[in-house]
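Visitor: Quick one: structure below, then a few questions.
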Amino acid sequence: MLRIDDLHAGYGSTKVLSGIDLAAPDAVTSIMGRNGVGKTTLLKAVLGLVTVWHGTITFDDTDLGGLQPYQRVRLGMGYVPQGQAVFSDLTVRENLTVVAESAGRDATVAVSEALEVFPRLEKLLTWRAGVLSGGQRQQLAIARALVRRPRLLVLDEPTEGIQPSIVDEIEDALRRLRGHRGTSVLVVEQYVDFALRLSDQYAVMDAGRIVAQGRTREVDAETVNDLLVV
């Protein structure tokens, strides 16, 4: 479980987050909000990529304060930043293999597991990542993170610029991860309908703070959209 208490964080001397409190259980938690309200900064704070001035972040009862990003990854976090982060000059197979080897995993097994999650990639194993469509690159980026078998997968805008059919495949894959692997997901998402369908719990941010949160079954898209235009 991920827990954030009274978090104040930002970049250098610029504070972006103020008093964030969030408990993300072993499920899917979506973070929604307009551009520039601090959603990505929150994810980066969890990963240790920005300055934290005050507050605590714990992951499965481990205090993350003072831990470097690579140490947080070793604890079981996987991160897929915004923008389909893959090695463009490597093939799909090589993208998966290099992560598997760095994690000390058998590459053949790791690639096979990735293809179970995103079977579309099987026919693309010999293709360079740079020639893939945006949706295919996003699937590869998520698959790369999953190669490490994270207990918490952190995703930043996974559907941005992606065609609807691929969005559906990503949604199905993330649902399977939750159901069969027990992988928790923390996702920043602009598309409210997608976020509410996928997640068990939600939070809405504005001006560096969480202004609403709860169980997704207790809220509808209209209510969330009203919060986003305030």
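Numbering-wise (the numbering used here), the sequence shown opens with residue 4 and increments by one.
Idealized CB from N, CA, C, for every residue including glycine.
Quantities reported herein were computed from a predicted structural model and do not represent experimental measurements.
1) With DSSP as the reference, please indicate the residues paired to Val-190 in a beta bridge.
2) Under 7 Å, do Gly-58 and His-11 count as touching if we go by C-beta distance?
3) Within 10 angstroms of the Cβ of Gly-13, are there 16 or more other Cβ atoms? Answer buried if so, exposed if not.
4) For Val-40, I'd like the list of residues in its chain whose CB is within less than 8 Å of its CB, leaving aside the five on either flank, ordered along the chain.
5) Report buried or exposed for Asp-159, applying the criterion of at least 16 other Cβ atoms within 10 angstroms of its Cβ.
6) Do you know how far the Cα of Ala-176 is from the Cα of Ala-106?
7) What did DSSP end up calling Asp-229 once you bin it into helix, strand or coil?
8) For the beta strand (DSSP E) that contains Leu-20, what are its first and last residues?
9) Are Gly-51 and Pro-84 closer than 7 Å when you measure CB to CB?
10) According to DSSP, is Gly-217 part of a helix, a strand, or is it coil?
11) Can you give me the start and stop residues for the alpha helix (DSSP H) that Asp-196 sits inside?
Guide: Taking the coordinates as given:
1) Residue 190 sits at position 187 when you count from the first residue of the sequence shown. Note: Val-190 sits in a beta bridge opposite Ser-33 and Leu-158.
2) What you label residue 58 is simply residue 55 of the sequence shown in a count that begins at 1. What you label residue 11 is simply residue 8 of the sequence shown in a count that begins at 1. Contact: yes.
3) Within the sequence shown, residue 13 is the residue found at index 10, counting from 1. That one is buried.
4) Within the sequence shown, the letter at position 37 stands for residue 40. Only Met-208, Asp-209, Ala-210 and Gly-211 meet the Cβ criterion.
5) Against the sequence shown, residue 159 aligns to sequence position 156. Asp-159 comes out buried.
6) As a working note, residue 106 is residue 103 in the sequence shown. As a working note, residue 176 is residue 173 in the sequence shown. A direct Cα-to-Cα measurement between Ala-106 and Ala-176 gives close to 22 Å.
7) Against the sequence shown, residue 229 aligns to sequence position 226. For Asp-229, the three-state secondary structure derived from DSSP is helix.
8) As a first step, residue 20 is located in the sequence shown; it is residue number 17 there, counting from the start. Its beta strand (DSSP E) spans residues 17-27.
9) If you number the sequence shown from 1, residue 51 lands on position 48. If you number the sequence shown from 1, residue 84 lands on position 81. No, Cβ-Cβ distance for Gly-51 and Pro-84 is not below 7 Å.
10) As a working mapping, residue 217 is identified with position 214 in the sequence shown. Strand, per DSSP.
11) Numbered from 1 along the sequence shown, position 193 holds the residue referred to as residue 196. 195-201 is the span of the alpha helix (DSSP H), which, as asked, contains Asp-196.
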